[in-house]
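Chemist: Protein chains in written order, with our numbering: chain V, 123 to 558; chain A, 123 to 558; chain R, 123 to 558; chain B, 123 to 558. Okay, here's the structure, questions in a sec.
There are 4 protein chains.
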Amino acid sequence: WDGEFFPGIPKIKYEGPSSKNPLSFKWYNAEEEILGKKMKDWMRFSVAFWHTFRGTGADPFGAPTKLWPWEDGTNSLAIAKRRLRANFEFLEKLGVERWCFHDRDIAPEGKTLEETNANLDEVVALAKKLQGNKIRLLWGTAQLFLHPRYMHGAATSPELSVYAYAAAQVKKAMEVTHYLGGENYVFWGGREGYQSLLNTDMERELDHMARFMEAAVAYKKKIGFKGILLIEPKPQEPTKHQYDWDAATSANFLRKYGLIGDFKLNIECNHATLAGHSCHHELETARINGLLGNIDANTGDPQIGWDTDQFLMDVAEATLVMQSVIKNGGLAPGGFNFDAKLRRESTDVDDLFIAHIAGMDTLARGLRNAAKLIEDGSLNDLVKKRYSSFDTEFGAAIEAGKADFELLEKKALEWGEPKVPSGKQELAEMIFQSTL
Amino acid sequence: WDGEFFPGIPKIKYEGPSSKNPLSFKWYNAEEEILGKKMKDWMRFSVAFWHTFRGTGADPFGAPTKLWPWEDGTNSLAIAKRRLRANFEFLEKLGVERWCFHDRDIAPEGKTLEETNANLDEVVALAKKLQGNKIRLLWGTAQLFLHPRYMHGAATSPELSVYAYAAAQVKKAMEVTHYLGGENYVFWGGREGYQSLLNTDMERELDHMARFMEAAVAYKKKIGFKGILLIEPKPQEPTKHQYDWDAATSANFLRKYGLIGDFKLNIECNHATLAGHSCHHELETARINGLLGNIDANTGDPQIGWDTDQFLMDVAEATLVMQSVIKNGGLAPGGFNFDAKLRRESTDVDDLFIAHIAGMDTLARGLRNAAKLIEDGSLNDLVKKRYSSFDTEFGAAIEAGKADFELLEKKALEWGEPKVPSGKQELAEMIFQSTL
Amino acid sequence: WDGEFFPGIPKIKYEGPSSKNPLSFKWYNAEEEILGKKMKDWMRFSVAFWHTFRGTGADPFGAPTKLWPWEDGTNSLAIAKRRLRANFEFLEKLGVERWCFHDRDIAPEGKTLEETNANLDEVVALAKKLQGNKIRLLWGTAQLFLHPRYMHGAATSPELSVYAYAAAQVKKAMEVTHYLGGENYVFWGGREGYQSLLNTDMERELDHMARFMEAAVAYKKKIGFKGILLIEPKPQEPTKHQYDWDAATSANFLRKYGLIGDFKLNIECNHATLAGHSCHHELETARINGLLGNIDANTGDPQIGWDTDQFLMDVAEATLVMQSVIKNGGLAPGGFNFDAKLRRESTDVDDLFIAHIAGMDTLARGLRNAAKLIEDGSLNDLVKKRYSSFDTEFGAAIEAGKADFELLEKKALEWGEPKVPSGKQELAEMIFQSTL
Amino acid sequence: WDGEFFPGIPKIKYEGPSSKNPLSFKWYNAEEEILGKKMKDWMRFSVAFWHTFRGTGADPFGAPTKLWPWEDGTNSLAIAKRRLRANFEFLEKLGVERWCFHDRDIAPEGKTLEETNANLDEVVALAKKLQGNKIRLLWGTAQLFLHPRYMHGAATSPELSVYAYAAAQVKKAMEVTHYLGGENYVFWGGREGYQSLLNTDMERELDHMARFMEAAVAYKKKIGFKGILLIEPKPQEPTKHQYDWDAATSANFLRKYGLIGDFKLNIECNHATLAGHSCHHELETARINGLLGNIDANTGDPQIGWDTDQFLMDVAEATLVMQSVIKNGGLAPGGFNFDAKLRRESTDVDDLFIAHIAGMDTLARGLRNAAKLIEDGSLNDLVKKRYSSFDTEFGAAIEAGKADFELLEKKALEWGEPKVPSGKQELAEMIFQSTL
């Protein structure tokens with residue numbers, strides 16, 4: 123495979139909102155400053171290697187539909203390297219400076235773990251070269267869900283030998299992430315959960331998962347990896363119940379086992395909605411718990427009960443997402459990884475570009491709107507005013523834990539029936555929508 | 123109102139499974155021993171005063187349908203006392219030895235908090251007398267959701283004066299619970315949450331809720347109340363998001379604010395399913411976190427997205443519930459409170475008995491089945507065998523946190539590809555169903 | 123009550139998108155022409171009397187919160203008339219020319235049906251006067267769900283006397299709708315369904331409902347009412363299953379009983395999402411079946427499983443709604459009824475205006491966007507091109523039912539493996555979002 | 123592959139409820155008469171070839187886990203025949219006399235349609251022989267969803283050549299079904315729907331689907347196939363919206379296009395729950411519309427939003443299912459096809475038997491319970507009594523359509539306020555549960 127992978131696609135440029143060119147940015151202008159920071163530094167976009175280069179279009183009822191021209195139908199080392207080159211050309215043309223991968227996405231599994239690790243090393247060496255000093259690895263991770271050995275879990279498998287195998291795999295994945303200058307390392311426990319409580323010892327499995335995470339923290343320190351360890355919550359699918367159900371559940375796990383200072387969370391919007399939350403809620407929950415580390419940018423379908431991993435195209439939702447990011451002071455060393463896939467029926471090479479451009483533009487538009495909301499100030503004022511009774515001396519006493527029930531009762535009797543003003547929700551919604 | 127409230131209803135007796143008499147127990151035999159304990163001591167049933175004596179049959183589209191003969195359409199003190207007597211006759215005929223109430227269920231609100239407290243004291247004095255030494259108060263609680271003053275929350279209201287009012291109300295409710303010998307005290311934060319994040323400072327609200335709970339713990343100690351403080355998780359309704367979403371979210375809150383040793387949870391089955399969990403899952407999550415304190419026994423409808431609070435009539439679900447209770451060593455000082463209401467369209471006085479009898483029988487049948495499962499042993503063996511690879515020296519080392527990634531990798535390389543046996547889920551389901 | 127009901131509120135004017143005045147329109151400009159028709163003729167907005175003037179803010183866990191200054195806490199005839207005057211002042215200031223009501227919203231129920239009808243007549247006479255020649259009644263309907271007599275259904279009640287009572291009530295409601303020049307008449311069968319199949323004869327109930335609808339059609343003809351009869355689908359709430367579940371279910375009912383030509387549908391967005399559909403889907407299903415008659419404009423919350431009846435504030439959704447309306451050639455004699463209510467916590471009189479203004483603006487913005495999409499043409503072209511293989515002679519033969527399996531097999535063998543192009547979903551989404 | 127496929131598995135026998143042998147029936151006793159018919163004639167069980175012999179255990183996040191000993195990892199004709207022999211041995215040992223298949227399950231696709239048809243003929247000839255006169259084909263169907271050519275639909279593909287290809291495939295599948303003595307022929311339109319309305323002309327697609335179904339009806343007549351044509355509703359998955367959403371939606375389609383007399387429905391329990399209905403509801407809806415033809419026996423998980431296709435193990439649900447079947451006078455020429463699959467983690471050959479045995483036993487137990495309910499009679503009486511006011515002369519007039527609104531109003535005025543008795547739902551539930 124000589125020359126370009128995407129010969130018909132130019133370097134994608136910013137052409138502004140009036141452009142009708144699908145292969146241009148209408149809102150994302152990488153170098154433009156918003157609220158004192160370049161757009162690209164707010165966003166820190168990353169392409170997910172698995173969806174973009176290993177996504178086949180298969181679904182539970184359908185065979186693969188993607189037949190990219192650089193593929194030959196095999197999972198050989200040679201093709202693995204070719205795909206990697208396609209990835210770096212894609213990043214360059216799209217103007218995205220980060221990528222993410224699972225170990226098994228980029229290199230084929232061998233007959234033994236030794237052979238698998240050797241395959242991985244060979245591909246990683248090429249990745250190091252292709253990264254050069256322009257491209258960074260946002261995060262790496264280990265694929266602990268596809269292989270049948272992990273069908274009952276990896277760290278939570280009832281089989282000790284699987285636990286050991288998973289540990290060996292994560293060890294290696296952490297090493298190559300470190301070698302490639304990865305900024306974070308992610309744990310998504312797709313099989314860490316149960317299909318039925320009837321055959322499961324949930325307590326023992328959770329204990330095993332905690333031991334595994336402790337060992338990961340220890341190994342991170344040992345090899346001097348400075349990136350952030352991230353847990354990615356998801357409520358279910360493939361399991362009936364996944365132990366990292368949502369942000370609060372993951373936080374409880376981390377607190378229970380004394381791991382709270384060692385991890386942050388990678389929040390995915392589609393996982394949020396599957397858990398019965400808005401994406402905004404999960405981001406805020408993570409932020410308030412000091413755990414907002416990275417965002418897997420995608421969206422689901424409100425009428426669908428499984429992970430659709432669509433590119434986020436809703437400007438209102440993107441604005442709420444960016445509000446949380448701004449409140450968090452940005453995401454660095456985390457970023458926005460596009461954990462989103464082309465629809466099964468989108469089979470043109472240029473669909474890969476169109477989908478990413480639309481996703482980047484939507485979030486960029488969200489950033490512009492969030493900045494407008496802050497500059498306008500009226501929504502912020504509305505919220506601040508609602509809580510102003512606590513911005514008093516007695517309010518401060520309550521917030522400092524100095525008001526006991528007897529004192530509070532005394533005040534309540536003194537004050538009589540409280541006056542309760544309107545919550546002004548419709549006004550807040552009007553202000554929000556007007557800014558879009 | 124002289125004489126009996128339920129003149130046509132006899133004392134309900136155990137007649138065994140072959141009885142066709144709706145006003146008899148077919149499975150619940152209070153004094154019979156199961157697994158070394160009387161059925162009544164496993165169950166510790168309680169009638170929820172609000173559903174049974176204050177439930178009107180109203181719904182969001184419909185006016186009240188219940189016109190119990192002892193009511194006169196008012197909420198006077200006199201009627202409050204009459205209702206209370208009806209409650210104790212109901213308990214006696216049903217053979218239930220515990221009850222639960224909200225402060226505002228049993229006594230009418232006055233024009234001022236002082237007057238309201240005086241009303242409460244008057245009714246509580248009667249309750250004390252009627253309890254005698256046969257009936258116990260399983261728990262009391264404060265109704266912090268019905269009155270408009272609480273529309274934005276109680277402990278999480280943006281209005282400081284509402285926070286103080288709520289504190290005064292909880293203080294009093296704790297006092298009367300203590301006075302009545304209450305075994306527990308419950309917090310259900312029906313308004314502690316948000317309708318929209320746009321007008322909400324979630325972080326500040328959660329901090330306020332923590333301060334409130336700390337003050338409750340301090341007050342409990344001050345008055346010498348020895349009962350358990352229970353938080354009742356519910357994901358939403360009436361709010362879009364309730365801060366005590368589910369067991370794990372509540373546990374995270376308790377851990378974050380250092381309250382984990384001071385509270386347990388009151389798990390409600392219908393709240394579990396609204397949060398996307400099976401009831402069994404929530405019970406096990408509470409148990410594993412050392413937090414299973416009480417059960418609000420009811421069930422929802424799997425096709426309905428709001429709290430239906432139906433009497434649990436599903437034997438399979440009841441068996442799973444009782445499995446958790448047995449693993450927990452029982453619930454005492456907690457119990458099973460029937461947080462369940464007659465359907466709007468069930469308007470006969472005897473429907474009140476039929477519903478409770480069916481609910482008690484279903485849980486009693488669940489207990490009998492759970493005992494059978496334990497005696498049979500084959501399901502337990504299946505589970506134990508699945509984890510047996512960890513019942514080894516190396517397994518113990520892992521569980522003790524002594525196996526680091528390097529050691530585990532060494533073992534993984536040594537052992538090669540793991541053998542992974544069948545999960546036997548269908549066999550587990552077959553065994554389970556056969557016992558029902 | 124003399125003088126104005128809303129003294130602080132001016133007549134709401136169009137001030138354009140840059141206005142920051144909450145009491146102005148930013149997108150709705152009644153007289154402006156879009157696609158050859160005035161905005162007000164596209165929209166035909168209507169205020170729902172029940173939500174706006176009878177909404178109390180109560181919810182299943184909370185008492186009323188709205189204490190409008192013109193109310194005195196009673197449901198007297200005098201207050202009924204005062205409310206009606208408030209309604210017409212509200213319409214005038216808002217610039218909305220239509221309203222909708224249930225019989226029992228506008229006039230109190232008396233001790234007998236005769237007295238109730240007399241009350242209704244008295245209020246309706248005032249309404250006729252207040253309507254003058256500026257305000258129209260978009261539709262009337264009978265409230266067949268609030269009163270306990272309807273707890274098992276109205277047309278589907280197992281009680282024959284309830285069926286008769288409901289018929290008498292609908293008869294009268296049709297008469298007053300006709301008298302007030304109503305453009306449509308609506309059936310929402312909130313209790314026409316079941317809570318449990320165990321105690322229900324669904325087949326017999328559906329037959330009764332059909333008989334009832336036939337009688338309504340006959341009576342419409344008898345009194346010379348020319349308006350459209352509309353069925354409003356809703357899947358559930360208050361019942362577990364409502365017989366008019368969604369558009370397709372309602373269409374099946376109408377077809378099965380030979381009523382298809384006599385009714386259209388009133389589609390409500392929040393009901394659509396409760397049924398598992400997008401609002402756009404329900405509108406298109408109604409339209410394709412020739413049944414799109416009216417829209418109950420509101421929205422739900424994608425994370426909430428009950429009817430929240432929020433004002434629609436989502437511009438993307440509003441654009442899809444208006445696309446269907448444009449394809450339908452407008453809605454006349456139907457329109458957009460705001461079947462939406464203030465949040466319980468919104469308790470200022472001006473919240474009533476803010477909510478309606480935001481709702482009207484959002485739909486107006488949707489209309490502007492839908493017009494832009496049509497003028498731009500590229501989305502339409504994309505769709506047309508996808509089906510172009512059927513715009514051929516053989517395609518026409520298939521569509522005319524002239525291609526049997528043998529002919530089709532012959533062609534399939536001749537043509538070999540089909541070429542299947544990309545579905546271009548992300549491109550379609552990009553075009554759509556760019557227009558917003 | 124010589125000799126037995128399941129050497130360790132004996133012919134499964136009925137051993138009664140006290141048996142602990144997983145490889146025995148505890149409730150299904152094929153020749154035993156219940157309500158005047160043999161159990162096997164009520165049930166007419168069928169094994170689904172695709173789940174049992176082509177199910178790989180793969181899921182969206184996982185590779186195949188099943189490595190049955192008779193497979194060699196290829197999809198060759200030789201293996202296809204071997205699998206078929208395994209199927210017939212399985213049927214024989216299980217004591218099931220029917221099977222179902224998709225064309226592509228039993229024979230591999232060739233390079234051309236001609237080659238594919240030849241492969242199919244070769245396998246079908248073997249099937250004919252193996253069926254002998256003991257085994258019947260419950261139904262055949264065409265797999266119109268797996269191959270990428272069908273990614274946009276088959277009968278509803280925007281590509282005319284795909285429509286023709288699908289027609290050719292269905293033609294052949296109908297022929298082989300007829301050749302094998304099939305009792306029914308099924309249409310499951312897994313790709314007949316849309317992923318997004320933005321790029322879809324729903325009206326045109328539905329018209330095409332109707333033309334396709336008309337052609338199928340014509341071809342059925344042409345070849346003299348006497349079996350029933352069945353449509354299998356499913357709301358979504360793989361598409362966002364499938365046109366055969368549920369029973370009512372399918373009935374509307376059939377009525378709209380004049381096909382109502384030519385088709386019945388194949389109701390699947392898991393599809394029912396995905397559509398927001400209980401399985402019982404869908405069965406009753408089909409039955410009432412005269413459309414209940416066959417049942418795809420399985421169940422879903424109430425907390426999971428995708429098709430889990432589990433073996434039905436819930437006795438209460440099975441009892442409700444059997445109630446509908448009894449009311450329908452049985453299902454013949456339809457039956458119960460086990461459209462259920464082993465869990466991914468169940469990988470033993472004997473799990474195939476255990477799962478089927480448990481599913482058969484559960485339905486058999488449901489039949490026994492449904493018969494008990496009928497014999498007991500009290501539930502039936504409760505329902506009949508509820509509607510008894512219509513079992514009168516005036517009730518008959520209403521049901522005959524002879525009571526117009528004026529007559530009904532006259533009666534309503536005469537009768538005054540209706541008396542409405544209790545719905546007795548809890549009593550109905552108590553009776554139902556007591557029978558289990």
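For every residue, glycine included, the Cβ atom is placed at its ideal position computed from N, Cα and C.
Quick check: what's the CA-CA separation for Thr407/R versus Gly545/R?
Modeler: As a position in the third sequence, residue 407/R is number 285, starting the count at 1. As a position in the third sequence, residue 545/R is number 423, starting the count at 1. Going by the C-alpha atoms only, they are around 22 Å apart.
Chemist: For Tyr307/R versus Leu242/R, is the C-beta distance shorter than 8 Å?
Modeler: Position 185 of the third sequence, counted from the start, is the residue given in the question as residue 307/R. Position 120 of the third sequence, counted from the start, is the residue given in the question as residue 242/R. For Tyr307/R and Leu242/R, no; Cβs fall outside 8 Å.
Chemist: Taking the beta carbon of Thr469/V as the centre, do at least 16 other beta carbons fall within 10 Å, making it buried, or is it exposed?
Modeler: Working through the first sequence from its first residue, we reach residue 469/V at position 347. Label assigned to Thr469/V: buried.
Chemist: Considering only DSSP beta bridges, list what Gln432/B is partnered with.
Modeler: Counting from one through the fourth sequence, the residue named residue 432/B turns up at place 310. In the DSSP assignment, Gln432/B is bridged to Thr421/B.
Chemist: For Asn209/V, which of helix, strand or coil comes out of DSSP?
Modeler: Residue 209/V sits at position 87 when you count from the first residue of the first sequence. Asn209/V falls in the helix class under three-state DSSP.
Chemist: Ala492/V and Asn321/A look like a contact to me (Cβ under 8 Å); what is the Cβ gap, rounded to whole Å?
Modeler: Sequence index remark: in the first sequence, residue 492/V carries index 370 (1-based). Sequence index remark: in the second sequence, residue 321/A carries index 199 (1-based). For Ala492/V against Asn321/A, the beta-carbon gap comes to about 16 Å, at or over 8 Å, which does not count as contact.
Chemist: To the nearest angstrom, report how far apart Asn374/V and Leu319/R are at their CA atoms.
Modeler: Here the question's residue 374/V lines up with position 252 in the first sequence. Here the question's residue 319/R lines up with position 197 in the third sequence. If I take the Cα positions, the gap works out to 41 Å.
Chemist: Is any beta-carbon of chain R found at less than 8 Å from that of Thr603/A?
Modeler: Missing from the structure shown is residue 603/A; chain A here goes from 123 to 558 and no further.
Chemist: Quick check: is the beta carbon of Asp423/V nearer than 8 Å to any beta carbon in chain B?
Modeler: Residue mapping note: residue 423/V aligns to position 301 of the first sequence, counting from 1. It does; some Cβ of chain B falls within 8 Å.
Chemist: Three Cβ pairs or more, each shorter than 8 Å: is that satisfied between the segment 478-493 of chain B and the segment 157-169 of chain B?
Modeler: Yes, they touch.
Chemist: Compute the Euclidean distance between the alpha carbons of Ala340/A and Lys293/A, then round it to the nearest angstrom.
Modeler: Working through the second sequence from its first residue, we reach residue 340/A at position 218. Working through the second sequence from its first residue, we reach residue 293/A at position 171. Computed Cα separation, rounded: 11 Å.
Chemist: Are there three or more Cβ pairs, one per stretch, closer than 8 Å when the segment 412-427 of chain R is compared with the segment 452-466 of chain R?
Modeler: yes
Chemist: When you compare the CB positions of Val169/V and His478/V, do they come within less than 8 Å of one another, or not?
Modeler: Walking along the first sequence from the start, residue 169/V turns up at place 47. Walking along the first sequence from the start, residue 478/V turns up at place 356. Yes.
Chemist: Could you work out which residues of chain B lie near Glu551/R, taking near to mean beta carbons separated by less than 8 Å?
Modeler: For this step, residue 551/R is matched to residue 429 along the third sequence. Result: Ser318, Leu320.
Chemist: Using a C-beta to C-beta distance shorter than 9 Å, which residues of chain R count as neighbours of Gln555/V?
Modeler: The sequence position of residue 555/V within the first sequence is 433, counting from 1. Those are Met435, Asp436, Val437, Ala480, Asp483, Thr484, Arg487, listed as they occur along chain R.
Chemist: Go to Val298/V, then tell me how far its alpha helix (DSSP H) extends in each direction, as first and last residue.
Modeler: The residue labelled residue 298/V in the question sits at position 176 within the first sequence. Looking at the DSSP string, the run of the alpha helix (DSSP H) that includes Val298/V is 282-301.
Chemist: Could you work out which residue in Lys135/A, Ile134/A, Ala185/A is closest to Phe466/A when comparing CA atoms only?
Modeler: On the second sequence, position 344 is the one that residue 466/A refers to. Per the sequence shown, the amino acid found at residue 466/A is Arg instead of Phe. The candidate whose alpha carbon is nearest that of Arg466/A is Ala185/A.
Chemist: For Gly535/V and Ala290/A, which I take to be in contact (beta-carbon distance under 8 Å), what is that distance rounded to the nearest angstrom?
Modeler: One-based indexing of the first sequence puts residue 535/V at position 413. One-based indexing of the second sequence puts residue 290/A at position 168. First, the residue type needs correcting, since residue 535/V is Leu and not Gly in the sequence shown. Indeed they touch by this definition, with Cβ atoms about 7 Å apart.
Chemist: Ignore the nearest five residues each way along the sequence and tell me which others in Leu189/R's own chain have a CB closer than 8 Å to its CB.
Modeler: On the third sequence, residue 189/R is found 67 positions in, with the first residue counted as 1. If we look at Leu189/R and ignore the five residues flanking it on each side, its Cβ neighbours are Thr469.
Chemist: What do you reckon, are the CB atoms on Glu314/B and Gly275/B nearer than 8 Å?
Modeler: For the purposes of this step, residue 314/B is identified with residue 192 of the fourth sequence, where counting begins at 1. For the purposes of this step, residue 275/B is identified with residue 153 of the fourth sequence, where counting begins at 1. Note that the C-beta distance between Glu314/B and Gly275/B is below 8 Å.
Chemist: Just to check my reading of the structure: Ala369/B and Ile350/B have Cβ atoms closer than 8 Å, yes? What is that Cβ distance to the nearest angstrom?
Modeler: Taking the fourth sequence and counting its residues from 1, the one referred to as residue 369/B is at position 247. Taking the fourth sequence and counting its residues from 1, the one referred to as residue 350/B is at position 228. The C-beta distance from Ala369/B to Ile350/B rounds to 15 Å, too long to meet the 8 Å contact threshold.
Chemist: Which residues in chain V have a C-beta closer than 7 Å to the C-beta of Gln547/R? List them in chain order.
Modeler: Position 425 of the third sequence, counted from the start, is the residue given in the question as residue 547/R. Under the 7 Å cutoff, chain V gives Arg465, Glu467, Ser468.
Chemist: Ile476/R and Pro144/R: beta carbons closer than 8 Å?
Modeler: In the third sequence, counting from the first residue as 1, residue 476/R sits at position 354. In the third sequence, counting from the first residue as 1, residue 144/R sits at position 22. Taking 8 Å as the Cβ cut-off, Ile476/R and Pro144/R qualify as a contacting pair.
Chemist: Using only the alpha-carbon positions, how far apart do Ile410/B and Gly262/B sit?
Modeler: Your numbering for residue 410/B matches position 288 in the fourth sequence. Your numbering for residue 262/B matches position 140 in the fourth sequence. Cα to Cα, Ile410/B sits roughly 26 Å from Gly262/B.
Chemist: Near Arg490/R, what residues of its chain come up, given a Cβ to Cβ distance below 8 Å and the 5 sequence neighbours on each side ignored?
Modeler: Counted from its first residue, the third sequence places residue 490/R at position 368. Taken in chain order, the residues that qualify are Trp149, Ile156.
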